[in-house]
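**Student:**
2 protein chains.
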Amino acid sequence: MPTKGASADAADPGTVRPGGRTARVRASVLRAAGDALVEHGFHSLDLADVARRAEVGKTTVYRRWGTTTGLIADLLADMAEQSVPRTDSGSLTEDLRSNARLVAATLTDPRQGPLFKAVIAAATCDERTARALHRFCETRIKEWAPCVEGAIARGELPAGTDAREVIRAVSAPLYYRVLAGGDPLDEAAADRAAAAAESAARAGAHIG
Amino acid sequence: MPTKGASADAADPGTVRPGGRTARVRASVLRAAGDALVEHGFHSLDLADVARRAEVGKTTVYRRWGTTTGLIADLLADMAEQSVPRTDSGSLTEDLRSNARLVAATLTDPRQGPLFKAVIAAATCDERTARALHRFCETRIKEWAPCVEGAIARGELPAGTDAREVIRAVSAPLYYRVLAGGDPLDEAAADRAAAAAESAARAGAHIG
């Protein structure tokens, strides 16, 4: 994860400890950046405004994050770190459903939902943000892939199934609803996405 | 479709005929709007600039489209009208694959790809654009749903399968790649999306 490097001040790594000042400053700044994104979107994001909101010196924000896209990249890295760990129920059906419900709850959360939309919009026009978003997705997918690997090991899914592709298949219909189709994203939609991904995986559609 | 109403000038409906001046003006303005979106994104879209690019009077553009979001809504309606009609091969597998390849080709097209991204970004922060995008998706989905309905009638898919949901399931992983995950969107990815949607549908995951 590049976050640690980005938030740690290279000039004085000794000051970086969990709960230390550096960590507190980062938490305040990322919280303020999230608030600003939710309220005004990516195009109005401004480092000086974020510094004011976070009650942190402007120089600190400029020195540590440099640009708004640098700040969004760090926010995404933090979101990936904060991301809820996978469940491990021993049942593929239940694990995929938990994953789908978690994604749906995040995308429809009053704060996280608009934040994700703002970040995705930013990624459509900024390459660095796009790379940070891809890394966020990969982190989440890696976290949940062992549920699928477990099912392969138990013989519930065909050998050679691409575990990450199954996890992506759970998320995709949920993102599609929020970003393009506009159909409601509720628990029923989440459960359907999980069931569809599982059926396809069982039929061997995600081998290789 | 609300387009016709939007592009037809209510003051003089007699001038609206295919190939007439009104249609030519609309085509030029939508072309120019698309160019501007691809070059600079949604946030820099400006009606006066679009009028200049289209070589159409500024007053005409302001009177007919009113706002940039009104213009994007009409552009999406036009994209839905221009959208390639479904294939009807009599084979569900082939029809879904054609649909997936068409969506993938559109999303990765040097002009259409950035245009879609700009419109999706705009929809994340503008309600009217979001509704126009949902209508675009619905139009495409309605166009392709009969492939699935045919398969249900032939007994290839369980009775009660939601045809539109199957078509959405084909598109979703392709949009997800482009907007979030960042994995390459090639023909193999398209074929896999089609096969996964078909497997899930055959297993009854899209009933109801």
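Heads up: the protein sequence lines correspond to chains A and B, in order. Each residue of the first sequence is one higher than the last, beginning at 1 in my numbering. Each residue of the second sequence is one higher than the last, beginning at 1001 in my numbering. For every residue, glycine included, the Cβ atom is placed at its ideal position computed from N, Cα and C.
1) Thinking VAL1170/B and THR1161/B are a contact (beta carbons under 8 Å), I'd like their distance in whole angstroms, please.
2) Can you tell me whether SER1199/B is buried or exposed? The criterion is at least 16 other CB atoms within 10 Å of its CB, across all chains shown.
3) Rounded to whole angstroms, what's the CA-CA distance from ARG1164/B to ALA1118/B? Just pull it up for me.
4) Comparing the C-beta of THR1124/B with each C-beta of chain A, is any distance below 8 Å?
5) Taking the beta carbon of LEU1115/B as the centre, do at least 16 other beta carbons fall within 10 Å, making it buried, or is it exposed?
6) For ALA1209/B, which option in ARG1097/B, GLU1081/B, ILE1120/B has the closest C-alpha, if you only look at C-alpha atoms?
7) Taking one C-beta from the segment 25 to 41 of chain A and one from the segment 52 to 62 of chain A each time, how about it: are there three or more such pairs within less than 8 Å?
8) So for THR161/A, helix, strand or coil by DSSP?
9) Quick check on the DSSP output: the alpha helix (DSSP H) that includes GLU156/A runs from which residue to which?
10) Please identify, using Cβ separations under 7 Å, the residues of the segment 73 to 94 of chain A that lie next to chain B, in order along the chain.
11) Could you tell me if PRO1211/B is buried or exposed, where buried requires 16 or more neighbouring beta carbons within 10 angstroms of its beta carbon?
12) How long is the line joining the alpha carbons of LEU1133/B and ALA153/A, rounded to whole angstroms?
13) Taking its Cβ as the centre, do 16 or more other Cβ atoms sit within 10 Å of PRO13/A, making it buried, or is it exposed?
14) Around the C-beta of THR1124/B, are 16 or more other C-beta atoms found within 10 angstroms, so that it is buried, or is it exposed?
15) In angstroms, rounded to a whole number, what distance separates the CA positions of ASP1126/B and LYS1058/B?
16) Secondary structure at ALA1193/B, three-state DSSP: helix, strand or coil?
17) Bridge partners for ILE1207/B per DSSP, in chain order?
18) Counting C-beta neighbours from all protein chains within 10 Å, is the total for ARG228/A 16 or more, i.e. buried, or is it exposed?
19) Please state whether the Cβ-Cβ distance between LEU1092/B and GLU1156/B is less than 8 Å.
20) Kindly say whether ILE1120/B, judged by its beta-carbon, lies nearer than 8 Å to any beta-carbon of chain A.
21) Just checking: is the beta-carbon of LEU1115/B within a distance shorter than 8 Å of some beta-carbon in chain A?
22) Counting along the chain, where does the alpha helix (DSSP H) carrying GLY1034/B start and finish?
23) When you compare only the Cα positions, how much space is there between THR1087/B and ALA48/A?
24) Give the secondary structure of ILE167/A by DSSP, where H, G and I count as helix, E and B as strand, and everything else as coil.
25) Tell me which same chain residues have a C-beta within less than 6 Å of the C-beta of VAL103/A, skipping the five on either side of it?
26) So PRO114/A is in the alpha helix (DSSP H); what residue range does that whole segment cover?
27) Which word fits ALA1077/B, buried or exposed, when buried means at least 16 other C-beta atoms lie within 10 angstroms of its C-beta?
28) Which of the three DSSP states is assigned to THR1060/B in this structure?
29) With DSSP collapsed to three states, give me the class of ARG86/A.
30) Using a C-beta to C-beta distance shorter than 8 Å, which residues of chain A count as neighbours of CYS1137/B?
31) In this structure, does DSSP put SER1091/B in helix, strand or coil?
32) If we count the other Cβ atoms within 10 Å of its Cβ and call it buried at 16 or more, is THR129/A buried or exposed?
33) Relative to the alpha-carbon of GLU138/A, which residue among GLY1182/B, GLY1113/B, VAL1178/B, THR1108/B has its alpha-carbon at the smallest distance?
34) Quick one: what's got a C-beta closer than 6 Å to SER1089/B's C-beta in the same chain, skipping five residues either side?
35) Quick one: does GLY1041/B have its CB under 8 Å from some CB of chain A?
36) How is GLU1138/B classed by DSSP in three states: helix, strand or coil?
**Tutor:** To lay it out plainly:
1) So it is not a contact: roughly 13 Å between Cβ atoms.
2) buried
3) 25 Å
4) Closer than 8 Å to some Cβ of chain A, the Cβ of THR1124/B qualifies, so yes.
5) Buried: at least 16 other Cβ atoms inside 10 Å.
6) Given that chain B is displayed from residue 1001 to residue 1208, the structure contains no residue 1209/B and the question cannot be resolved.
7) yes
8) strand
9) Per DSSP, GLU156/A belongs to no alpha helix (DSSP H) and is neither H nor E.
10) none
11) There is simply no residue 1211/B to check, as chain B begins at 1001 and stops at 1208 in what is shown.
12) Across the structure, LEU1133/B and ALA153/A are spaced so that their CA atoms are roughly 42 Å apart.
13) Legend: pLDDT at PRO13/A = 40, less than 50; position of this residue unreliable, no value from coordinates given.
14) Its Cβ being crowded by 16 or more others within 10 Å, THR1124/B is buried.
15) One C-alpha to the other measures close to 23 Å.
16) helix
17) THR1161/B
18) Residue 228/A falls outside the range modelled here, since chain A spans only 1 to 208, and no answer is possible.
19) yes
20) yes
21) No, its Cβ sits nowhere closer than 8 Å to a Cβ of chain A.
22) Looking at the DSSP string, the run of the alpha helix (DSSP H) that includes GLY1034/B is 1021 to 1040.
23) Distance between the alpha carbons of THR1087/B and ALA48/A: 54 Å.
24) helix
25) Here the set comprises SER171, LEU174.
26) 112 to 125
27) buried
28) helix
29) coil
30) In chain order: ALA180, GLY181, GLY182.
31) coil
32) buried
33) GLY1182/B
34) ASP1095
35) yes
36) helix
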